[in-house]
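Asker:
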């Protein structure tokens, strides 16, 4: 099933989306319920879409409470923003957030509109329809994509992207490290990663209800792509550099396990193993 965006039928009805990375002009002035993590980059994308208010997933809070870091960004421009608990609704599934989500955190602008912890996501979305629109736009986001060639220009590349939506076709066959959560967006296996990389890494978003924060891994297996997630408590979600530099592996798929990746390894160690495999230095176990 492809990821979905449900447009409002009236001004007060929220837009429900599986990801904040795929919003159209209909988002402007609307309340957005998006099953992305609540980190800075996701909140930034919501803000530049000119939404009235936004509800995201707290992604297990994690290192430096990065899973709700977007609430502060939103507050700086007067955007009412809240998150649902990762233990109440599946990350990557907007309809599930509306059906089961429970508010875990809210910024001052959202609280002023009547949003509070413990509310259902649906009730909070209704309250946000009365929120004062933001008074400003966010500052431009810093570079969200870069590449490393630790083994020289002819060796394998490490592609660091803060959002999996930034992957490119030319990243096929490389190691792609993202700041994104490991949840499969909209249940579509192609959404696990929109190129056939050799391997990909994500943040486990606290794993959460139905182990939603790891559901990209079997989808990658189906495409013979090695996949792993790092614990949200060891790396800041939404920051690929933190996934790579700080993360400790919490789950791996079958393909990654066959190449030698294991839970508890550092992401750096995991990537070294993957690059060895790409250069033919190790064989599948």
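In this note's numbering, the protein residues as written are 2 to 286.
Every residue gets a Cβ at the ideal spot worked out from N, C-alpha and C, and that includes glycine.
Pull up the DSSP beta-bridge partners for residue 167, would you.
Answerer: Answer is none; residue 167 lacks a bridge partner.
Asker: Tell me which residues share the same chain as residue 238 and place their Cβ nearer than 7 Å to its Cβ, disregarding the 5 neighbours each side in the sequence.
Answerer: If we look at residue 238 and ignore the five residues flanking it on each side, its Cβ neighbours are 38, 40, 60, 63, 67, 68, 180, 182, 204 and 206.
Asker: Check residue 275 in the structure and name its three-state DSSP category.
Answerer: It is helical.
Asker: Measuring straight from C-alpha to C-alpha, what distance separates residue 35 and residue 240?
Answerer: The alpha-carbon atoms of residue 35 and residue 240 are separated by roughly 19 Å.
Asker: Tell me which residue opens and which closes the beta strand (DSSP E) that residue 203 is part of.
Answerer: Segment 200-204, the beta strand (DSSP E) holding residue 203.
Asker: Can you name, in chain order, every residue of its own chain whose Cβ lies under 6 Å from the Cβ of residue 51, other than the five neighbours on each side?
Answerer: 29.
Asker: Rounded to whole angstroms, what's the CA-CA distance from residue 148 to residue 157? Just pull it up for me.
Answerer: Approximately 10 Å between the Cα atoms of the pair.
Asker: Quick check: the Cα distance between residue 226 and residue 109, rounded to an integer number of angstroms?
Answerer: Approximately 42 Å, taken between the alpha carbons.
Asker: Skipping 5 residues on each side, what residues in its chain have a beta carbon closer than 7 Å to that of residue 234?
Answerer: So the qualifying residues of the chain are 63 and 64.
Asker: Please state if the CB of residue 135 and the CB of residue 70 are separated by a distance shorter than 8 Å.
Answerer: No. Outside cutoff.
Asker: Given a threshold of 16 other Cβ atoms within 10 Å of its Cβ, counted over all protein chains shown, does residue 143 qualify as buried or as exposed?
Answerer: Burial call: exposed.
Asker: Along the chain, where does the alpha helix (DSSP H) containing residue 243 start, and where does it finish?
Answerer: Counting along the chain, the alpha helix (DSSP H) containing residue 243 begins and ends at 241-247.
Asker: Helix, strand or coil: how does DSSP classify residue 270 here?
Answerer: Of the three classes helix, strand and coil, the one that applies to residue 270 here is helix, per DSSP.
Asker: Per the DSSP calculation, residue 229 is bridged to which residue(s)?
Answerer: According to DSSP, which records beta bridges pairwise, residue 229 is partnered with 202 and 253.
Asker: Looking only at DSSP bridge pairs, what is residue 104 linked to?
Answerer: Its beta-bridge partners are 85.
Asker: For the beta strand (DSSP E) holding residue 71, just list the boundary residues, first then last.
Answerer: First-last for residue 71: 70-77, but that is the alpha helix (DSSP H), not the beta strand (DSSP E).
Asker: In this structure, what does DSSP give as the bridge partners for residue 16?
Answerer: The partner list for residue 16 (beta bridge, DSSP) reads 33.
Asker: In the structure shown, what three-state DSSP assignment does residue 119 receive?
Answerer: Three-state result, residue 119: coil.
Asker: Judging by CA-CA distance, which residue of 53, 76 and 120 is the nearest neighbour of residue 86?
Answerer: That would be 120, whose Cα lies nearest to the Cα of residue 86.
Asker: Helix or strand or just coil, what does DSSP make of residue 144?
Answerer: Looking at residue 144 - three-state DSSP - the assignment turns out to be coil, as it is neither helix nor strand.
Asker: Got a sec, what are the start and stop residues for the beta strand (DSSP E) residue 161 sits in?
Answerer: Here the beta strand (DSSP E) through residue 161 covers 159-162.
Asker: If you draw a straight line from the alpha carbon of residue 93 to that of residue 19, how long is it in whole angstroms?
Answerer: Cα to Cα, the separation comes out at about 5 Å.
Asker: Which residue marks the beginning of the alpha helix (DSSP H) containing residue 112, and which one marks its end?
Answerer: Unbroken alpha helix (DSSP H) run through residue 112: 109-113.
Asker: List the whole-angstrom C-beta distance separating residue 152 from residue 185, where the pair is believed to meet the contact cut-off of C-beta under 8 Å.
Answerer: With 8 Å as the limit, residue 152 and residue 185 do not qualify as a contact, their Cβ atoms being about 31 Å apart.
Asker: Can you tell me whether residue 11 is buried or exposed, with buried defined as 16 or more other CB within 10 angstroms of its CB?
Answerer: With a pLDDT of 42 at residue 11, under the threshold of 50, the modelled position of this residue cannot be trusted; read the value that follows with caution. Burial call: exposed.
Asker: Helix, strand or coil for residue 21 per DSSP?
Answerer: Reduced to three states, the DSSP call for residue 21 is coil.
Asker: Where does residue 161 land, buried or exposed, given buried means 16+ other C-beta within 10 angstroms?
Answerer: Counting Cβ neighbours within 10 Å, residue 161 comes out buried, since at least 16 surround it.
Asker: Between which two residues does the alpha helix (DSSP H) carrying residue 218 extend?
Answerer: Run containing residue 218: 217-222, per the alpha helix (DSSP H) assignment.
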